[in-house]
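Participant: Dumping the structure here so I can ask a few things about it.
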Amino acid sequence: MKQLTLYILLVLTLLSTLTNRAAFAVASDSKRIVMVLSGYGQPEQQAPGYEFDEFAKAYLVFQAHGIAVDIASPQGGNVEADKYDPAKPYNQQVLNDAAIMAKLNNTLSTAQLRAADYSGIFIVGGKGAMFDLPKDPALQQLIAGIYQQQGSVAAVCHGPAALINVKLADGSYLLANKAVNGFTNEEERLFGKKWLAQFDFMLQDKLIERGGRFEHSPMMLSHVAVDNRLITGQNPASTVATARALLQSLDITLQPMMPHKDDATLALVAELLKGNITAELVLAANAAQYQLELLGMYGYYYLNSAGTAQAQQHALTLMQAGQRAINNPSLDMAIAQAQLKLGDKAAARATLQQILAAKPDFAAATALLADL
Numbered sequence: 039m040k041q042l043t044l045y046i047l048l049v050l051t052l053l054s055t056l057t058n059r060a061a062f063a064v065a066s067d068s069k070r071i072v073m074v075l076s077g078y079g080q081p082e083q084q085a086p087g088y089e090f091d092e093f094a095k096a097y098l099v100f101q102a103h104g105i106a107v108d109i110a111s112p113q114g115g116n117v118e119a120d121k122y123d124p125a126k127p128y129n130q131q132v133l134n135d136a137a138i139m140a141k142l143n144n145t146l147s148t149a150q151l152r153a154a155d156y157s158g159i160f161i162v163g164g165k166g167a168m169f170d171l172p173k174d175p176a177l178q179q180l181i182a183g184i185y186q187q188q189g190s191v192a193a194v195c196h197g198p199a200a201l202i203n204v205k206l207a208d209g210s211y212l213l214a215n216k217a218v219n220g221f222t223n224e225e226e227r228l229f230g231k232k233w234l235a236q237f238d239f240m241l242q243d244k245l246i247e248r249g250g251r252f253e254h255s256p257m258m259l260s261h262v263a264v265d266n267r268l269i270t271g272q273n274p275a276s277t278v279a280t281a282r283a284l285l286q287s288l289d290i291t292l293q294p295m296m297p298h299k300d301d302a303t304l305a306l307v308a309e310l311l312k313g314n315i316t317a318e319l320v321l322a323a324n325a326a327q328y329q330l331e332l333l334g335m336y337g338y339y340y341l342n343s344a345g346t347a348q349a350q351q352h353a354l355t356l357m358q359a360g361q362r363a364i365n366n367p368s369l370d371m372a373i374a375q376a377q378l379k380l381g382d383k384a385a386a387r388a389t390l391q392q393i394l395a396a397k398p399d400f401a402a403a404t405a406l407l408a409d410l
């Protein structure tokens with residue numbers, strides 16, 4: 039009798055699992071999303087294109103949830119990505135996916151798309167998005183159409199540039215009085231200098247000009263603004279969260295996913311800056327889970343805007359965490375400068391002496407040491 043009862047329980051459990059999976063598959067299969075990329079890019083980086091990292095991360099979220107995906111650009115056909123690392127695991131996974139690469143190598147044109155065919159739209163970033171996406175009337179109509187049929191609109195990094203000229207049927211801007219974000223002015227000046235002079239506008243300024251209520255997190259940390267069915271992500275680190283928020287707005291049950299190593303690293307930075315974890319925990323970060331060099335580089339840039347002793351200490355902690363992975367005297371110099379700002383001359387002197395022991399002709403270290 040016990041064996042029979044156990045058998046019945048096992049069968050019922052199996053049926054329940056299969057039913058849940060089937061329900062998930064049906065729900066996902068009934069949704070179709072179009073991913074839009076800039077087609078402005080040119081070979082050899084002669085003009086900026088789209089961010090392959092962002093495309094890959096977002097696509098893998100949709101794939102994991104069984105979502106049908108089309109890929110489009112203003113003119114259709116092949117589109118050029120900005121320089122990226124094909125060896126990154128998420129990029130490699132997409133590059134090895136023949137089906138999605140076939141779509142990527144022959145994108146649909148936005149003019150041939152119908153809003154009625156899609157539950158949502160996801161606009162990938164990259165500097166190219168600042169040039170062609172705001173000027174594409176077909177894309178503007180597609181975005182407005184999807185939104186007005188109760189679909190969801192998502193964009194990440196520079197992708198929100200596609201939203202700035204979108205108007206709804208009543209003549210109002212889609213962005214008006216909605217929470218929104220995108221690549222910030224600070225991020226642009228730090229990381230977008232190459233094409234900045236050619237931009238017609240600064241994205242943050244234009245989003246605000248169109249009536250958006252701009253919100254953001256510290257530079258290059260994940261931030262997603264959700265205003266009902268409008269979802270915008272601040273930067274590349276926000277890509278996965280933006281894609282998942284889009285699915286959530288479409289009533290798709292979210293499945294657990296392991297964070298990418300770079301995203302996990304920046305999440306660790308965010309926790310430190312919020313005061314949720316200690317410096318000791320960051321310094322103990324291991325290379326198996328985190329990109330130590332990314333911790334160091336974040337601290338290096340963060341020091342430039344660190345106006346308080348606490349912020350300077352955070353920058354120092356991050357640089358020291360990355361020092362193990364980065365053999366670079368410029369980073370070591372920044373560590374010494376942070377130590378000086380915090381009033382620790384002894385530590386700064388020791389750091390400078392270590393630099394000069396390895397690189398005796400490093401003039402900047404010699405000069406700073408002489409001033410102590």
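Under the working numbering, the first residue of the sequence shown is numbered 39, with each subsequent residue one higher. The beta-carbon is built from N, C-alpha and C at its ideal position, and this holds for glycine as well.
1. What does the Cβ neighbour count give for alanine 63, buried or exposed, with the cut at 16 atoms within 10 Å?
2. In whole angstroms, what is the alpha-carbon distance linking isoleucine 364 and glutamate 331?
3. For valine 262, which residues does DSSP report across the bridge?
4. Buried or exposed, going by whether 16 or more other CB atoms sit within 10 Å of the CB of glycine 158?
5. Measuring only the C-alpha atoms, how far is glycine 209 from glutamine 242?
6. Kindly give me the distance between the Cβ atoms of threonine 280 and alanine 192, rounded to whole angstroms, as I take these residues to be in contact under 8 Å.
7. Where does proline 198 land, buried or exposed, given buried means 16+ other C-beta within 10 angstroms?
8. Identify which residue in Ala125, Asp170, Ala136 and Ala154 has its Cα closest to the Cα of glutamate 118.
9. In its own chain, which residues sit with a C-beta less than 7 Å from the C-beta of glycine 334, not counting the 5 before and 5 after it?
10. Among Ala347, Thr145, Leu285 and Gln179, which one has its Cα closest to the Cα of histidine 103?
11. With a 10 Å radius around its C-beta and 16 neighbouring C-beta atoms as the bar for buried, classify glutamine 4 as buried or exposed.
12. Once DSSP output is grouped into helix, strand and coil, what is the label at alanine 63?
13. If you draw a straight line from the alpha carbon of leucine 390 to that of alanine 323, how long is it in whole angstroms?
14. So, is serine 343 buried or exposed, given that buried needs 16 or more other C-beta atoms within 10 angstroms?
15. Would you grab the beta carbon distance between leucine 406 and alanine 374 for me? Rounded to a whole angstrom, and I think it's under 8 Å.
16. In chain order, which continuous runs of the alpha helix (DSSP H) of length 4 or greater are located wholly inside the region 193-233?
17. Taking Cβ to Cβ, would you say asparagine 223 is nearer than 7 Å to methionine 240?
18. So what's phenylalanine 239 in DSSP terms, helix, strand or just coil?
19. DSSP three-state call for aspartate 108: helix, strand or coil?
20. Would you please verify whether the beta carbon of proline 124 is less than 7 Å from any beta carbon of chain B?
21. Is the beta carbon of serine 260 sitting closer than 7 Å to the one on alanine 275?
22. Kindly identify the DSSP beta-bridge partner or partners of valine 72.
23. Output yes or no for whether 7 Å exceeds the beta carbon distance between glycine 163 and glycine 87.
24. Roughly how many angstroms lie between the CA atoms of alanine 65 and isoleucine 105, to the nearest whole one?
25. With distances taken from CA atoms, which of Gln80, Met73, Leu319 and Val264 is nearest alanine 96?
Facilitator: Based on what the coordinates show:
1. At alanine 63 the pLDDT is 41, less than 50, meaning the model places this residue with poor confidence; the figure from the coordinates comes in the next sentence. The residue is exposed, with fewer than 16 neighbouring Cβ atoms inside 10 Å.
2. 6 Å
3. Gly271
4. buried
5. 22 Å
6. 6 Å
7. buried
8. Asp170
9. Leu356, Met357, Ala359, Gly360, Gln361, Ala363, Ile364 and Leu369
10. Leu285
11. In the structure displayed, the chain extends from 39 to 410; residue 4 sits before or after that span and is not available.
12. Only weak support exists for where alanine 63 lies, its pLDDT of 41 falling under 50; the coordinates are left without a value.
13. 25 Å
14. exposed
15. 7 Å
16. 223-229
17. yes
18. coil
19. strand
20. Structure shown: chain B not included; a single protein chain is present.
21. yes
22. Asp108 and Ile159
23. no
24. Caution is warranted here: a pLDDT of 43 is assigned to alanine 65, below 50, making its placement in the model unreliable, and no coordinate value can be reported.
25. Met73
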